[in-house]
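Undergrad: 54 is the number that the working numbering gives to position 72 of the sequence shown; each next residue is one higher, with no gaps.
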Amino acid sequence: MSIDASRLMAMRSAILEQNSALQRAAGIGGGAAAGGTERGGATDGFGDALRSAVAQVNEMQSQSSAATEAYERGETTDIAAVMLARQQASIGFEATLQVRNKLLSAYRDIMNMPV
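1) Which first and last residues belong to the alpha helix (DSSP H) in which E76 is found?
2) Would you tell me roughly how many angstroms separate the C-alpha atoms of Y53 and S(-12), rounded to the nearest one?
3) Would you mind stating whether A67 and S46 have Cβ atoms separated by less than 9 Å?
4) E57 by DSSP, collapsed to three states: which one?
5) Answer with buried or exposed for A35, where buried requires no fewer than 16 other C-beta atoms within 10 angstroms of its C-beta.
6) So, helix, strand or coil for V97, using DSSP?
7) For L32, count neighbouring C-beta atoms within 10 Å of its own C-beta (all shown protein chains included) and say buried if the count is 16 or more, exposed if not.
8) Relative to the C-alpha of V39, which residue among R(-6), G74, A88 and L79 is closest?
9) Under 9 Å, do T58 and A49 count as touching if we go by C-beta distance?
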């Protein structure tokens, strides 16, 4: 399975939109009831997008491992395809780590805000 660039870009766009929505919500500071309702809907969509992205990264990792094992057993001789699968999995994992780090940083910033 190859990475669909348009789907990856759509997921990136959704994450950036959610990030900007969170930044706008953090900057408002008033209207707790309205913010809570809006945040609940945004969290569901963002949570689903995040779950989907993590599942896709997991699938890439599994495919990379399978391709590596097949090469080691001698079932395939296409080292370029194996290395490409490994790099795709690595980049997906690194991107996931960066998103996690940004989310943790945003969470810490929100938790440290004075009430």
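Virtual Cβ for every residue (Gly too), placed ideally from N, Cα, C.
TA: Looking at the atomic coordinates:
1) I61 to M93
2) 29 Å
3) yes
4) coil
5) buried
6) coil
7) buried
8) G74
9) yes
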